[in-house]
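*Asks:* Protein chains in written order, with my numbering: chain A, 1 to 211; chain B, 1 to 211.
Just so you know, even glycine gets a beta-carbon here, dropped at the ideal spot from N, CA and C.
Only a predicted model underlies this, so the values are computations on that prediction, with no experimental measurement involved.
This structure is in structure tokens; I'll ask about it shortly.
There are 2 protein chains.
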Amino acid sequence: MDTSLEIPLSDLPLIGETSGERADAVRNRERILCAARRLFDERGAGCTSMDDVAAAAGVGKGTLFRRFGSRAALASAVLDERERSLQEHFIRGETPLGPGAPAQERLIAFGEAMLDMLEDHAELMVAAGSGGARFVSAPYAVHRLHVTLLLGAADPGCDAEVLAETLLAALSAELFVYLRDVREMPLERMKAGWADLVQRTIPAATASGSF
Amino acid sequence: MDTSLEIPLSDLPLIGETSGERADAVRNRERILCAARRLFDERGAGCTSMDDVAAAAGVGKGTLFRRFGSRAALASAVLDERERSLQEHFIRGETPLGPGAPAQERLIAFGEAMLDMLEDHAELMVAAGSGGARFVSAPYAVHRLHVTLLLGAADPGCDAEVLAETLLAALSAELFVYLRDVREMPLERMKAGWADLVQRTIPAATASGSF
DNA sequence: CACATAACCGGACCGTAGTCCATTTAGTAC
DNA sequence: GTACTAAATGGACTACGGTCCGGTTATGTG
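Written out as structure tokens, the structure is:
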């Protein structure tokens with residue numbers, strides 16, 4: 001069983017601590033993140049190569065890949081703040097997204113929050129999840145666990161793990177981009193579709209428990 | 001509304017007809033498909049580059065891309081026979097996959113057939129659908145229509161189009177590979193998960209109509 | 001301050017998907 | 001058979017993600 005509920009992407013630099021990383025390394029990470037944010041925002045992720053990011057950050061390509069490992073990981077890092085905020089909301093935030101509401105309502109709210117994030121950062125999320133990277137990412141592990149727990153609370157005895165994976169598939173960035181850009185589907189219809197799916201999947205008005 | 005129910009991938013050379021394609025073009029297409037099938041089968045799609053295919057087929061790289069357009073399209077072409085067979089079965093084949101059974105049963109059978117195909121050709125199907133190519137492919141259009149019609153038959157008045165997309169997401173090749181290779185989930189559990197999802201989604205024992 | 005060393009740097013390099021275009025060739029009309 | 005044309009060819013070329021490694025620098029220690 002996967003217990004990685006901690007907040008992902010490691011750093012969390014305790015106040016004043018250097019976290020063992022050399023000063024130039026920290027400086028370059030900031031430069032890169034800053035340049036990546038700017039370029040992804042200005043021209044879109046699809047039109048920004050890793051060379052572009054390295055050049056804009058004033059570092060070599062080797063440094064860029066040493067710091068972030070891959071294009072998908074860089075995209076994830078840029079999304080990190082937003083992802084943390086989402087997690088904060090569904091773990092400790094206000095109802096119905098946070099604890100307190102029935103599982104079904106929380107699950108609907110979770111999907112709607114994901115769709116909002118997709119609406120804002122679709123391109124970046126496609127990049128972050130490309131090549132199967134989505135499924136092995138820390139955020140996905142957290143989402144999976146959250147959905148699994150909600151499903152288990154709403155319907156004990158069901159195969160919540162499998163059901164969670166299949167429901168999360170409906171929130172994939174690639175599907176979202178296709179529905180929005182090719183099928184020109186409005187966000188509200190997608191949200192309604194998600195709510196409909198959830199309502200069909202689990203019973204209403206079951207307490208979600210205390211996690 | 002998308003009406004592309006015809007069998008995809010065009011050729012269908014009527015007996016003796018040349019279909020307007022030059023003889024050398026036809027010969028090279030066959031060579032390429034043959035080489036691609038062999039290489040994909042021998043070393044797996046992931047270890048076979050387009051250069052490899054071109055070299056094995058004894059043609060230039062330009063010819064390969066002129067004939068097939070992209071790596072994803074080549075993979076689709078290699079899968080074409082199997083895909084046609086699947087379509088044949090769910091359109092005109094025996095119950096419960098084919099016409100006659102209630103919509104719910106047909107939908108479960110459809111997912112199981114898809115999972116069987118994924119079990120046999122996962123790598124190739126990942127390649128065929130990479131970069132969002134899945135959603136704009138002819139096979140996907142056929143699957144979407146099929147599922148949409150089944151959902152509409154089982155529950156008139158629901159938003160069958162959106163529901164179809166979300167259900168099909170659960171049958172994506174990338175999810176399958178992740179569940180099988182990373183999570184080491186047995187095929188039977190995935191099939192049970194699909195059946196469970198469908199049973200939760202639409203009511204049992206509604207006739208599927210006559211399409 | 002001088003030194004040792006581990007961490008870091010950057011850009012040359014690789015393999016791959018996909019494009020371009022000068023050249024060749026299959027089919028057609030006479 | 002010859003001449004013509006549209007189609008097809010193939011390999012050089014580009015852009016990109018990712019790796020490698022010789023040179024450099026920050027940092028702790030004596």
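The alpha helix (DSSP H) that contains B/L64, what's its start and end?
*Replies:* What you label residue 64 of chain B is simply residue 64 of the second sequence in a count that begins at 1. Element bounds for B/L64: K61 to F68.
*Asks:* Since B/A109 and B/P96 should fall inside the 8 Å C-beta cutoff, what is the C-beta to C-beta distance between them, to a whole number of angstroms?
*Replies:* On the second sequence, residue 109 of chain B is found 109 positions in, with the first residue counted as 1. On the second sequence, residue 96 of chain B is found 96 positions in, with the first residue counted as 1. A Cβ-Cβ separation of about 5 Å places B/A109 in contact with B/P96 under the 8 Å criterion.
*Asks:* Check whether chain A comes within 7 Å of B/G69, counting only Cβ atoms and requiring the distance to be less than that.
*Replies:* By one-based count along the second sequence, residue 69 of chain B stands at place 69. So, not an interface residue.
*Asks:* Could you tell me which uninterrupted alpha helix (DSSP H) segments, each at least 4 residues in length, are contained entirely in the stretch 139 to 196 of chain A, listed from first to last along the chain?
*Replies:* 160 to 169 and 173 to 177
*Asks:* For B/F110, go through chain A and note every residue whose CB falls closer than 8 Å to its CB, in chain order.
*Replies:* Working through the second sequence from its first residue, we reach residue 110 of chain B at position 110. Neighbours of B/F110 on chain A: none; closest Cβ ~15 Å, over 8 Å.
*Asks:* Which residues, taken in chain order from the stretch 39 to 67 of chain B, show a beta carbon closer than 8 Å to some beta carbon of chain A?
*Replies:* none
*Asks:* What residues from chain B crowd round A/F176, counting only those whose CB sits closer than 8 Å?
*Replies:* Position 176 of the first sequence, counting from 1, holds the residue named residue 176 of chain A. Those within 8 Å of A/F176 in chain B number zero; the least Cβ separation is about 10 Å.
*Asks:* First and last residue of the alpha helix (DSSP H) that includes A/C34?
*Replies:* The count along the first sequence starts at 1 and reaches residue 34 of chain A at position 34. Here the alpha helix (DSSP H) through A/C34 covers A23 to R43.
*Asks:* Give the range of the alpha helix (DSSP H) segment to which A/S137 is assigned.
*Replies:* Taking the first sequence and counting its residues from 1, one reaches residue 137 of chain A at position 137. For A/S137, no alpha helix (DSSP H) encloses it, and the DSSP letter there is neither H nor E.
*Asks:* Could you compute how far the alpha carbon of B/E17 sits from the alpha carbon of B/V26?
*Replies:* Residue mapping note: residue 17 of chain B aligns to position 17 of the second sequence, counting from 1. Residue mapping note: residue 26 of chain B aligns to position 26 of the second sequence, counting from 1. Confidence in B/E17 is poor, its pLDDT being 48 and thus under 50, which makes the residue's placement too unreliable to answer from.
*Asks:* As a quick exercise: from A/L79, A/S49 and A/F40, pick the residue whose alpha carbon is nearest that of A/F65.
*Replies:* Translated into positions along the first sequence, residue 65 of chain A becomes position 65. The shortest Cα separation from A/F65 among A/L79, A/S49 and A/F40 belongs to A/S49.
*Asks:* Which same chain residues, not among the five before or five after A/K191, have their C-beta less than 7 Å away from its C-beta?
*Replies:* Position 191 of the first sequence, counting from 1, holds the residue named residue 191 of chain A. Only E112 and L115 meet the Cβ criterion.
*Asks:* Would A/A205 pass as an interface residue toward chain B - the criterion being a Cβ-Cβ separation below 7 Å?
*Replies:* The residue labelled residue 205 of chain A in the question sits at position 205 within the first sequence. So, not an interface residue.
*Asks:* Using a C-beta to C-beta distance shorter than 9 Å, which residues of chain A count as neighbours of B/V136?
*Replies:* Against the second sequence, residue 136 of chain B aligns to sequence position 136. Correct list: Y178 and V182.
*Asks:* Considering only residues of the same chain and omitting the five flanking positions on each side of A/T3, which have a CB-CB separation below 7 Å?
*Replies:* In the first sequence, the residue the question calls residue 3 of chain A occupies position 3. At A/T3 the pLDDT is 41, less than 50, meaning the model places this residue with poor confidence; the figure from the coordinates comes in the next sentence. Once the five neighbours on either side are set aside, A/T3 has no close Cβ partner at all.
*Asks:* Using the beta-carbon count (16 or more within 10 Å), is A/V182 buried or exposed?
*Replies:* Counted from its first residue, the first sequence places residue 182 of chain A at position 182. It counts as exposed.
*Asks:* Could you check what DSSP says for B/G20 in three-state terms: helix, strand or coil?
*Replies:* One-based indexing of the second sequence puts residue 20 of chain B at position 20. Correct three-state label for B/G20: coil.
*Asks:* Three Cβ pairs or more, each shorter than 8 Å: is that satisfied between the stretch 167 to 176 of chain B and the stretch 115 to 125 of chain B?
*Replies:* They touch, by the three-pair rule.
*Asks:* Could you tell me whether any Cβ in chain A is nearer than 7 Å to the Cβ of B/T201?
*Replies:* Taking the second sequence and counting its residues from 1, one reaches residue 201 of chain B at position 201. Yes, B/T201 counts as interfacial toward chain A.
*Asks:* Please report the distance separating the alpha-carbon of A/E147 from that of A/R92.
*Replies:* Counted from its first residue, the first sequence places residue 147 of chain A at position 147. Counted from its first residue, the first sequence places residue 92 of chain A at position 92. The question names Glu, yet the displayed sequence has Val at residue 147 of chain A. Between the alpha carbons of A/V147 and A/R92 lies a gap of roughly 15 Å.
*Asks:* For the candidate residues B/S70, B/G193, B/S76 and B/D51, whose alpha-carbon lies nearest to that of B/K61?
*Replies:* Stepping through the second sequence from its first residue, residue 61 of chain B is reached at position 61. Comparing Cα positions, the closest option is B/D51.
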